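The sequence shown begins at 114 in my numbering and counts up by one. Backbone N, C-alpha and C define an ideal beta-carbon position, used for all residues, glycine too. In this text, all values refer to a predicted model and were calculated from it rather than measured experimentally.
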Amino acid sequence: VGLIGLGPFYLQEYRPGSVIEVRRFDQYYMTDENGNQLPYLDGIDFYITPDQSGMDTAFRTGRLDATARGGGFQLTPEREEAILSSFSPGEVTIVEMGQSSFIPLAFNSIRESPVKDVRVRRAIHLWLDREELIQVTFGGFAKRVGMFDPDTLWATPGLMDTPGWSTETKAADREQAKALLAEAGYPDGFDLEYMCRRLWVHMCEPVAGQLEALGISVDLQLVDDATRASRILEGSFDMQHGGATVALPSQYYSTIASVSTNAAAGPKHDDPKVDEFFVRLAAAATIEERVEIAREMEVYFAVENVYSAPLYTENTHTVIRDYVKGMQVPVDNYRRNLDFATVWLDK
């Protein structure tokens, strides 16, 4: 590709399906607090493992010094326990990293399909049992969210106790979901295309199973990343398993703005009021104003119109050997601090 960069490592070799080898860039511009040239390591080999069990085995046998971060490879409680049982105390460390990746079902509300009707989108939102999805998919290593982490100031207070998210009202929510489908003209359900990134099949299959129980015949379409990106741009899907990595409300523009202003956004709608929220956020002079706008946007987008149905955010658990030092733990998302410039091996 001929990319030019100034990072701590350069790409030496990529062998598809095998390994990505990066090596130390001697002219890297950064030093540590004592003036020592970074990075410390001579290089890193990223072995490509297509499945979780292969990665876990490679870590236990010593081929890997750390397990991967990323959708589909984060540790579950069962896998974490199995790995820890293979080592003596002090040999490995579990690292828990924050997440700001919010996973929703993103609807195409401008294409002719049942989900064009807000009653259908609201029915799906009410029907989904997010807590069950979290247990089945992540073994509990996740939590329910709206557009924002409920533990942050941006989130609408009490939203997790409202219909759709609440664990206490699920039976009543599901009765209302059936009534909404009947009111929309689908008492016996309907057919629905569900596009899913191939790496996320472990997340999409449980969702499809729950929707089948509502009477929706789900055509689960597993696609590679290039196909998914192309179809999102084209709007050639009914519903897709989305994802937004954001720390601030204004960053949501890249993922939820209208098709008139952002064709790459995951949910498809042409609602100018959604775009207006971002204009207001940019003009807001205080944190208090931005919080008020963010909460208003969350209710309008995810509750009143259900352009997306927010599901959960993962808790990222990885394991590293104790001789791996200087690994920076990201504050807000496992994708941050990935240059490994300060990592060194105490062995």
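Of the other Cβ atoms in all chains shown, 16 or more fall within 10 Å of the Cβ of residue 187; this residue is therefore buried. From the listed residues 452, 459, 457, 458, the smallest Cα separation to residue 122 is found for 452. Note on the stretch 356-431: whole alpha helix (DSSP H) runs with a minimum of 4 residues are 366-369, 385-396, 400-411, in chain order. Only buried fits residue 323, as 16 or more other CB atoms lie within 10 angstroms of its CB.
Here the stretch 315-332 makes contact with the stretch 238-253; the two share three or more CB pairs at distances below 8 Å.
Sorting 239, 436, 149 by C-alpha distance to the C-alpha of residue 292 places 239 at the top.
Between residue 422 and residue 327, the C-beta spacing is not below 9 Å.
Under the three-state reduction of DSSP, residue 242 is assigned to coil, being neither helix nor strand.
Counting of Cβ neighbours within 10 angstroms places residue 156 among the exposed residues, the total staying below 16. A straight-line Cα-Cα distance of about 50 Å links residue 148 and residue 373. Non-local C-beta neighbours of residue 168 in its own chain, meaning closer than 8 Å and more than five positions away in sequence, comprise 162, 177, 180, 181, 186, ordered along the chain. Separation of the CB atoms of residue 352 and residue 218 is rounded to 6 Å, and the pair is thereby assigned contact status at 8 Å. Distance between residue 304 and residue 229, taken at the CA atoms: about 13 Å.
CA-to-CA, the gap between residue 348 and residue 367 works out to about 15 Å. Within its own chain, the residues whose Cβ lies closer than 7 Å to the Cβ of residue 350, once the five positions on either side in sequence are excluded, are 221, 306, 308, 344, listed in chain order. Contact annotation, residue 273 with residue 257: C-beta distance approximately 6 Å; criterion of less than 8 Å satisfied.
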